[in-house]
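Asker: Residue numbers (this note's numbering): 4 to 234. C-beta: ideal position from N, C-alpha, C; glycine also. Predicted, not measured: the structure shown is a model, and the values here were computed from it.
The structure is reproduced here in structure tokens:
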């Protein structure tokens, strides 16, 4: 299957929402400077996404193979045990915004610009998810990202990007030798149909995580993913 590029993703930045995100009140002395950053970002932002529908060819208890590429993860293999396909994707705030933020000389303003880039990335992810639902009618879905769990380490970015092809040429997203993505405000992963509620957070014991979407379940791995499952 060929990849699909989304490069006309709409961005709507509202000052009130940006201020709330960075925990700043409208009467803060720096609010006018943030308003100017929002205005600039709204003009510059060109977030992009790329995805590919992949069909599972073979599987083991510890891995799946799609288009001859092996993804190694016990959790991934279990989550996809009843699936025949998944959607591999990458989404980024865009090189335009990253360059803009990096060129801001004031370090504090640069920090705020990077937070704005995070919001743009979130909007792009939401747009991608709506597009995938409309296009594939997958019903209830979940997603996993390399590096989000010890079971599926950051090195698994390599096969994911191998499956997606030349992302740098298509959407300006590069994978470094240490498996980090540039622009930094980017997200990669797979989305798949499921009949159960699943979030990586359920398997992650990290405390005080600002991105947590579900409580940690200390018994979930033994109950659902261990080779000797408990009841």
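(1) Which ranges does the alpha helix (DSSP H) cover as unbroken runs of at least 4 residues, wholly within the region 150 to 191, from first to last along the chain?
(2) Assuming residue 66 is part of the beta strand (DSSP E), what are its boundary residues?
(3) Taking Cβ positions, are residue 235 and residue 53 nearer each other than 8 Å?
(4) Based on Cα-Cα distance, which residue from 31, 131, 136 and 99 lies nearest to residue 2?
(5) Could you have a look at residue 215 and say whether DSSP puts it in helix, strand or coil?
(6) Looking at the strands, I want to know which residues DSSP matches up with residue 72.
(7) On the premise that residue 191 lies in contact with residue 163, defined as a C-beta separation below 8 Å, what is that separation, rounded to the nearest angstrom?
(8) Can you look up residue 118 in the DSSP assignment and give me helix, strand or coil?
(9) Which one of 135, 176 and 184 has the shortest CA to CA distance from residue 150?
(10) Quick check on residue 31: does DSSP put it in helix, strand or coil?
(11) Name the residue from 81, 55 and 77 whose alpha carbon lies nearest to the alpha carbon of residue 70.
(12) Measure the alpha-carbon distance for residue 41 versus residue 28 and round it to whole angstroms.
(13) Could you give the distance in angstroms between the alpha-carbon of residue 234 and the alpha-carbon of residue 228?
(14) With a threshold of 16 other CB atoms inside 10 Å of the CB of residue 154, please say whether the residue is buried or exposed.
(15) Helix, strand or coil for residue 201? Go by DSSP, reduced to three states.
(16) Using the Cα positions of residue 203 and residue 222, report the straight-line distance between them to the nearest angstrom.
(17) For residue 95, collect the residues of the same chain with a Cβ closer than 8 Å to its Cβ; drop the 5 residues on either side in sequence, then sort them by chain order.
(18) Leaving out five residues on either side along the sequence, give the residues of the same chain with a beta carbon under 7 Å from the beta carbon of residue 201.
(19) Could you compute how far the alpha carbon of residue 75 sits from the alpha carbon of residue 104?
(20) Please go through the same chain and pick out, in chain order, the residues whose beta-carbon is closer than 8 Å to the beta-carbon of residue 156, but skip the five residues on each side of it.
(21) Checking contacts by CB at 8 Å: is residue 162 closer than that to chain C?
(22) Quick one: give me the first and last residue of the alpha helix (DSSP H) that residue 77 is part of.
(23) Which residues bound the alpha helix (DSSP H) around residue 22?
(24) Tell me the residue span of the alpha helix (DSSP H) that contains residue 100.
(25) Thinking C-beta only, is residue 107 closer than 8 Å to residue 21?
Answerer: So, from the data block:
(1) 160 to 167 and 170 to 174
(2) 66 to 69
(3) Since the first residue of the chain shown is 4 and the last is 234, residue 235 is not available in this structure.
(4) Residue 2 lies beyond the range of the chain shown here (4 to 234); nothing can be said about it.
(5) coil
(6) 69
(7) 6 Å
(8) helix
(9) 184
(10) coil
(11) 55
(12) 15 Å
(13) Because the pLDDT of residue 234 is 48, which lies under 50, any placement of that residue in the model is unreliable, and the question is left without a value.
(14) buried
(15) coil
(16) 14 Å
(17) 50, 51, 52, 124, 127, 174, 175, 176, 184, 186, 188, 189 and 190
(18) 82 and 145
(19) 36 Å
(20) 149 and 150
(21) Of the protein chains in this structure there is only one, and it is not chain C.
(22) 77 to 82
(23) 18 to 24
(24) 98 to 105
(25) no
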